[in-house]
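Here's the structure we're looking at; comments come further down.
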Amino acid sequence: MAEKIINGFSVVAYATQPEGRTPPRAFLETRRLERKGGATPVEEGQDGESEPDNLAFEIFASRRFRSTVEAMSAARNALDRVAGVDADGVPDNLPE
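Numbering (the working numbering), first residue to last: 4 to 99.
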């Protein structure tokens with residue numbers, strides 16, 4: 004896995020192994036980093052799960068990778084092109 008820290012988010016690139024007839028796939032995942040002051044306490048009445056801690060985006064979904072190495076290379080290249088992450092955790096310059 005390759006990782007970049009952008010705008011308070013950890014952006015990770017990874018690929019999955021082929022499973023049966025499913026080819027290798029490439030992903031970018033964003034995870035919100037903890038603030039240095041520690042986690043804020045959850046107010047009474049909130050479930051604390053209103054926003055997910057991480058979001059996964061399948062990239063190059065229309066492309067069929069021949070190997071996991073090829074998928075990981077594409078994921079790393081996509082990670083290099085990410086310039087920023089918005090407040091919702093969506094990276095900009097997200098390929099297909």
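Note that the Cβ used here is the ideal one computed from N, Cα and C, for glycine as well.
Bear in mind the structure is a predicted one, so any value in this text is a computation, not a measurement.
Distance between residue 79 and residue 30, taken at the CA atoms: about 9 angstroms. Annotation for residue 14: the continuous beta strand (DSSP E) segment containing it runs 12–19.
Cβ-Cβ distances below 7 angstroms link residue 94 to 14, 31, 33, 85 and 88 in the same chain, with the five nearest sequence neighbours on each side left out; the list follows chain order. Here residue 62 is buried, its C-beta having at least 16 other C-beta atoms within 10 Å. Residue pairing for residue 25: DSSP places it in a beta bridge opposite 22. Between the alpha carbons of residue 70 and residue 37 lies a gap of roughly 35 angstroms. Between residue 18 and residue 60, the C-beta spacing is not below 9 angstroms.
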